[in-house]
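Novice: Residue numbers for the sequence shown follow the UniProt record's numbering, beginning at 1 and rising by one.
The C-beta atom is built at its ideal place from N, Cα and C for all residues, glycine as well.
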Amino acid sequence: MKKFVLYSSGICNEVFTKDICLIPFVMQKYYGYESSILTYTKEQNFPDNDKYLGHMKITSIENDEHLDRELESSDVIMMFGIYDDVIDLIYRYKRLNENGKIYLKLDINSYWLNSLHVNMNNYIMGALKKCDLITAENRNSQEFINNNWGVRVEYIPNGYYEFVSDDYINYKEKKNVILFVGRVGSPDKANHILLEAFARIENEIEDWSIELVGNVDPGFMGYINEYYYNNPKRRERVRLVGFLGKKELKEKYKQSKIFCLTSPSEACANVFSQAISNGCYLISTDVDGARDITNNEEFGCIVPVYDIDRLSIALKETCLNEKLLEENCIVAQKYAKESLNWIKLCDKINNFLFHKSS
């Protein structure tokens, strides 16, 4: 049985159901690997690992000798992002384990890519060339690197893995809800753009509401209280739901017709695939990954970053187009099951690593 090891210098509970840990989990469950996480974190008690990933093995690095033993015994090591410790480990791994495979998942957006390009050096480039597989979450980054860096990068979007049920959702189950899931009120999510756009059209889509799911940034409360003060009826139409478990979150996705993300920057948000797989119509700012995930706006609409006017128009037109929303509910789910499911995406990763074909 081949050993698939995820290296992450630090680990926390919230990442166990995201891409970084889902890949080794799926590799173990469906493709015959023995997967583990190699980290400097000493903590071993992670509820989501126990609840969702079947207590995937975590190895806490004790010292350099221990690290070397783990590297030597692995068949595949997966790393995440172009960071100093990752670059150093690539060299270390190939020195110790010449036949081992290195999989580097870039987790890269255009801003970070531009900075890396300006600051590229022989040490970083040498490490990249030692990797057996490099993947980018969006096609813009993939194409730029392939054309400019002299290394081969494959496209693997951030997909979805359904812990509850992957059955098709009937449109009749859905309500007139615009959903957001994430760090509510965090500056890098710019939820105020959605709320301001909604305020401009709230009287024209009177039977629609917004649900913001996730832990709320304390700094957001001043804004939201003023937002409610300006129109008390909004308290019933714009709801802060809070953090939800997987089962409750699945119900929110099932019941929502639209998912809206207003971030100024993303590599490929995990929620994109989750939304589309649940038949939601995706309205997003023009961030990396949005055009790829929507198949060039086949399953959604893209608006400029921070453009409240364009967003309000897109929201109004979509909310009032029942035919579009109903048709999207089915075709988006079919597309997601075929192209965005982590089980199928990991099959591609496995083939890239050992068969050099998709």
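Whose C-beta lies closer than 6 Å to the C-beta of residue 203 among residues of the same chain, with five residues either side of it excluded?
Specialist: Within the same chain, residue 203 has no close Cβ partners at all.
Novice: So who's on the other strand from residue 341, going by DSSP bridges?
Specialist: Beta-bridge pairing links residue 341 to 160.
Novice: Assuming residue 242 is part of the beta strand (DSSP E), what are its boundary residues?
Specialist: Unbroken beta strand (DSSP E) run through residue 242: 238-242.
Novice: Helix, strand or coil, according to DSSP, for residue 53 in the structure here?
Specialist: Residue 53 falls in the coil class under three-state DSSP.
Novice: Run through DSSP, which three-state label would residue 227 get?
Specialist: If DSSP states are grouped into helix, strand and coil, residue 227 belongs with the helices.
Novice: Is the separation between the beta-carbon of residue 270 and that of residue 109 shorter than 7 Å?
Specialist: No.
Novice: Output the residue ranges of the alpha helix (DSSP H) runs that lie fully inside the stretch 255-324 and measure 4 residues or longer, sorted by chain position.
Specialist: Counting whole runs of 4 or more residues, the stretch 255-324 contains the alpha helix (DSSP H) stretches 270-277, 290-293 and 308-319.
Novice: Tell me the residue span of the beta strand (DSSP E) that contains residue 7.
Specialist: Where residue 7 is concerned, the enclosing beta strand (DSSP E) stretches over 3-7.
Novice: If you drop the 5 nearest sequence neighbours on each side, which residues of the same chain put their C-beta closer than 8 Å to that of residue 133?
Specialist: Excluding residues within five positions, the ones whose Cβ falls inside 8 Å are 101, 102, 103, 104, 154, 349, 352 and 353.
Novice: Classify residue 191: buried if its beta carbon has 16 or more other beta carbons within 10 angstroms, exposed otherwise.
Specialist: Its Cβ being crowded by 16 or more others within 10 Å, residue 191 is buried.
Novice: Do residue 254 and residue 169 have their C-beta atoms within less than 7 Å of each other?
Specialist: Their beta carbons are under 7 Å apart, which means residue 254 touches residue 169 by this criterion.
Novice: What residue from 10, 160, 142 and 72 has the CA that sits closest to residue 272's CA?
Specialist: Per the Cα distances, 160.
Novice: For residue 279, does the count of other Cβ atoms within 10 angstroms reach 16, so buried, or fall short, so exposed?
Specialist: Per the 10 Å Cβ criterion, buried.
Novice: So residue 288 packs on residue 268, CB below 8 Å; how close in whole Å?
Specialist: Yes, they are in contact, since the Cβ atoms of residue 288 and residue 268 sit about 6 Å apart, within 8 Å.
Novice: So, at 6 Å on beta carbons, what are the nonlocal neighbours of residue 42 in its own chain, with the 5 sequence-adjacent residues on each side left out?
Specialist: Here the set comprises 60.
Novice: Unbroken beta strand (DSSP E) runs of length 3 or more, entirely within the stretch 81-107: which are they?
Specialist: Within the stretch 81-107, the complete beta strand (DSSP E) runs of at least 3 residues are 101-105.
Novice: Helix, strand or coil: how does DSSP classify residue 189 here?
Specialist: Of the three classes helix, strand and coil, the one that applies to residue 189 here is coil, per DSSP.
Novice: Note the first and the last residue of the continuous beta strand (DSSP E) segment covering residue 175.
Specialist: Residues 175-181.
Novice: Specify, as a first and last residue, the run of the alpha helix (DSSP H) that residue 145 falls within.
Specialist: First-last of the alpha helix (DSSP H) with residue 145: 139-148.
Novice: Kindly confirm or deny that the stretch 52-59 and the stretch 24-42 touch, where touching means at least three C-beta pairs closer than 8 Å.
Specialist: Verdict: yes, contact present.
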